[in-house]
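*Asks:* With positions in the sequence shown counted from 1, the corresponding number in this note's numbering is that position plus 7. Note that the Cβ used here is the ideal one computed from N, Cα and C, for glycine as well. Before I ask anything, here is the structure I am working with.
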Amino acid sequence: YIAENFWLLANHVSRIPEPGDFFVFKFGLGESAIVVRNESNEIRAFHNVCRHRGSRLCRHDEDPRPDDDRLSVRQLGESGKAQVFRCPYHAWLYDLDGSLIDAYDMPDDFDMAANSLIDSHMKIVAGNIFLNFSRAEDHPEFGAASYDSSSELMGLVNTHSLSSLMIGANQTYQIIANLKLALENFQD
């Protein structure tokens with residue numbers, strides 16, 4: 008599974024400046040993570056999947072929006088501001104730290120803590136948010152994180168204040184190609 012071996016640039020911390028701000032980072036066919044700034048002003052990343060029945064907590068913009076007014080739970084879109092994340096299927100409720108805070112009609116012995124959202128591996132380097140979709144406890148090595156303060160990369164970071172830069176525009180490209188060849192070509 009290719010996403011388990013690579014760190015992917017998701018965005019910049021300036022995309023979510025205030026507590027409650029979030030965005031969905033999509034990868035491949037249906038895989039995604041919610042990146043959110045919590046109430047403590049920390050940035051967290053979670054797999055965009057409810058622990059109950061596997062529904063997406065936040066929809067992808069290309070997902071059809073249900074037009075049925077009888078639905079009591081409106082699914083959040085790809086970005087915005089939230090106080091909680093609510094599953095559209097059975098309305099399980101998660102806080103901005105990924106903790107399950109309400110699970111309707113579950114038995115008394117149900118362990119809420121064991122059903123929190125699954126963390127996505129995340130690194131922030133010079134204000135850039137990198138994600139890795141591995142579900143393994145130990146994430147793959149992240150090369151830039153091991154650079155010391157005298158390295159060439161860190162010299163660039165300090166000289167040009169990369170952490171204070173902001174994203175000017177986002178572009179998404181769909182390619183009809185062999186993914187391995189596209190990545191190999193990109194890395195050359």
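#1: On the CB-based measure, 16 or more other CB atoms within 10 Å of its CB, does H67 come out buried or exposed?
#2: Here's the rule I'm using: 16 or more other beta-carbon atoms within 10 Å means buried, otherwise exposed. How should Y111 be labelled?
#3: So the candidates are A89, P114 and E144; which of them puts its Cα closest to the Cα of L103?
#4: DSSP three-state label for E25, please.
#5: In this structure, what does DSSP give as the bridge partners for I131?
#6: For V42, which three-state DSSP category applies?
#7: Helix, strand or coil for N122? Go by DSSP, reduced to three states.
#8: Using only CA atoms, which one of V132, I182, L64 and E46 lies nearest to F53?
#9: Can you check which of these residues, F92, F140, I108 and H146, is closest to F32 by C-alpha distance?
#10: Return the CA-CA distance between L172 and Y180, expressed in angstroms with no decimal places.
#11: Going by DSSP, what residues sit across from F30 in a beta bridge?
#12: Would V43 and F34 be called neighbours here (beta carbons separated by less than 8 angstroms)?
#13: Taking S62 as the reference, which of L188, F92, D115 and A120 has the closest Cα?
#14: For R22, which option in N12, D109 and I41 has the closest C-alpha, if you only look at C-alpha atoms?
#15: Going by Cα to Cα distance, which pick from A121, I50 and G37 is closest to G128?
*Replies:* Working from what's here:
#1: Within 10 angstroms of the beta-carbon of H67 lie fewer than 16 other beta-carbons, which makes it exposed.
#2: By the neighbour-count rule (16 or more Cβ atoms within 10 Å), Y111 is not buried but exposed.
#3: Per the Cα distances, A89.
#4: In the structure shown, E25 sits in coil (DSSP, three-state: anything other than H, G, I, E or B).
#5: Paired residue(s): I136.
#6: In the structure shown, V42 adopts extended strand secondary structure according to DSSP, grouped into three states.
#7: N122: helix per DSSP, three-state reduction.
#8: For F53, the nearest C-alpha among the options comes from L64.
#9: Looking at the Cα atoms, F140 is the closest of the given residues.
#10: Computed Cα separation, rounded: 23 angstroms.
#11: When beta bridges are read from the DSSP output, F30 appears opposite V42 and S86.
#12: Going by C-beta atoms, V43 is not nearer than 8 angstroms to F34.
#13: Taking S62 as reference, the option from L188, F92, D115 and A120 with the minimal CA-CA separation is F92.
#14: Closest by alpha carbon: I41.
#15: Checking the sequence shown, residue 128 turns out to be His, not Gly. Taking only the C-alpha atoms, the option nearest H128 is I50.
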